[in-house]
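S.K.: One structure coming up, written as structure tokens, with questions to follow.
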Amino acid sequence: VTDKAGNESDPSDPVEITVDTSGPAAPKAPEQFVDNEGNDPTNTDFGTETNDQTPGIIVGPMVDGETPKLYVDGKEVESTYDPETGTLTPTTPLEEGKHDITYTVTDKAGNESDPSDPVEITVDTSAPDHTVEITKIIDNEELVVGDVATGGFSNDKSPTLEGTLSKALAAGEKVIVIRATDGKDPVEIDATVSDSTWTVTDTLVDDATYTYTAVVVDAAGNRSPVSNSYSMTVDTSAPDHTVEITKIIDN
């Protein structure tokens with residue numbers, strides 16, 4: 175500091191500043207995203223369809239002080255980075271259709287890298303417009319074989335279910351049969367489809383009452399309306415009776 179008389183003070187104590195104008199290298203393109211729709215989050219490859227409009231883009235850990243930015247179709251979008259999972263998730267849901275996903279990394283000095291190579295994701299939230307029906311359960315175990323009426327009994331632990339579709343499946347669609355049993359988690363079984371009919375053979379372990387429904391699932395994981403419900407009780411235990419013939423009568 176210099177006063178009016180021209181006297182200059184001693185300098186202040188020194189402080190350090192680092193000038194950094196070099197941006198980080200462009201990050202590697204992400205390979206997977208976390209699909210959070212459905213019962214469990216699933217790591218999914220890019221280039222596929224999803225019904226998750228806020229997928230978690232897996233970008234991995236950041237170097238200390240660096241922050242990622244998400245770009246959708248070349249435009250920066252607001253996003254949240256989770257350092258524990260290494261995912262970068264858009265705040266605003268993505269619109270239906272195909273999107274190019276890239277991201278950049280910004281260092282502590284504010285320098286932003288070039289974007290990663292783009293990867294493609296297709297958002298599809300439209301449910302398949304199929305009508306699915308379970309038409310019969312077939313008992314193949316003697317002594318009584320044939321169709322089992324809904325609510326009926328069977329001793330067959332490998333029953334065959336048959337059903338119909340209102341139209342043939344489109345590419346990427348499939349029929350899933352859902353088996354429900356009291357006290358247990360539902361089990362999903364892929365059916366074999368031929369044009370507008372389908373079939374599946376189940377494998378059962380316990381004597382119990384089983385209730386079946388079916389749906390069409392598309393490549394993005396969207397599900398059609400659920401079919402009718404069809405139930406059966408499996409009973410493989412022989413009756414505990416003692417039977418005796420006491421006489422033959424000649425009339």
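When we follow the numbering used here, the leftmost residue of the sequence shown carries the number 175, and every step to the right adds one.
All C-beta atoms in this analysis are idealised placements derived from N, C-alpha and C, irrespective of residue type, glycine included.
#1: What are the boundary residues of the beta strand (DSSP E) that MET406 is part of?
#2: Do you know whose CA, among GLU418, ASP321 and THR276, lies nearest TYR404's CA?
#3: Determine contact between the stretch 211 to 221 and the stretch 292 to 300, defined as no fewer than three beta-carbon pairs at a distance below 8 Å.
#4: What would DSSP say about GLN206, mapped onto helix, strand or coil?
#5: Tell me LYS331's beta-bridge partners as DSSP assigns them.
#6: For ILE232, which three-state DSSP category applies?
#7: Look at the Cβ atom of LYS348, then the Cβ atom of ASP364, and state whether they are nearer than 8 Å.
#8: Could you give the DSSP three-state label for GLU258: helix, strand or coil?
#9: Excluding the five sequence neighbours on either side, which residues of its own chain have a C-beta within less than 6 Å of the C-beta of ASP288, listed in chain order?
#10: Rounded C-beta distance between HIS304 and LEU335? I'm assuming under 8 Å.
#11: Below 8 Å, how does it come out for the stretch 175 to 184 and the stretch 206 to 213: are there three or more Cβ pairs, yes or no?
#12: Could you tell me the distance, in whole angstroms, from the CA atom of VAL258 to the CA atom of PRO235?
#13: Going by C-alpha to C-alpha distance, which of THR261, VAL246 and ASP256 sits closest to GLY271?
#14: Ignoring anything shorter than 3 residues or poking outside the stretch 313 to 388, list the beta strand (DSSP E) runs there in chain order.
#15: If ASP281 and GLY248 are in contact, beta carbons under 8 Å, what's the gap, nearest whole angstrom?
#16: Which whole-angstrom value describes the C-beta separation of THR366 and VAL374, a residue pair presumed to lie in contact below a C-beta threshold of 8 Å?
#17: From the DSSP secondary-structure annotation, give me the bridge partner or partners of ILE295.
#18: Per DSSP, what kind of secondary structure is ASP288 in: helix, strand or coil?
M.R.: In terms of the structure at hand:
#1: Counting along the chain, the beta strand (DSSP E) containing MET406 begins and ends at 404 to 408.
#2: ASP321
#3: At 8 Å Cβ cutoff, the stretches touch.
#4: strand
#5: The partner list for LYS331 (beta bridge, DSSP) is empty, contrary to what the question assumes.
#6: strand
#7: Yes.
#8: Looking at GLU258 - three-state DSSP - the assignment turns out to be coil, as it is neither helix nor strand.
#9: Sequence-distant partners of ASP288 (beyond 5 residues in either direction) whose C-beta falls short of 6 Å from its own C-beta, in its chain, are ALA200.
#10: HIS304 to LEU335, Cβ: 17 Å. No contact.
#11: no
#12: The sequence given here places Glu at residue 258; Val does not occur at that position. Approximately 8 Å, taken between the alpha carbons.
#13: Of the listed residues, the one whose Cα sits closest to GLY271 is VAL246.
#14: 320 to 322, 326 to 328, 334 to 339, 348 to 354, 361 to 364, 366 to 368 and 371 to 375
#15: With 8 Å as the limit, ASP281 and GLY248 do not qualify as a contact, their Cβ atoms being about 22 Å apart.
#16: 7 Å
#17: HIS273
#18: coil
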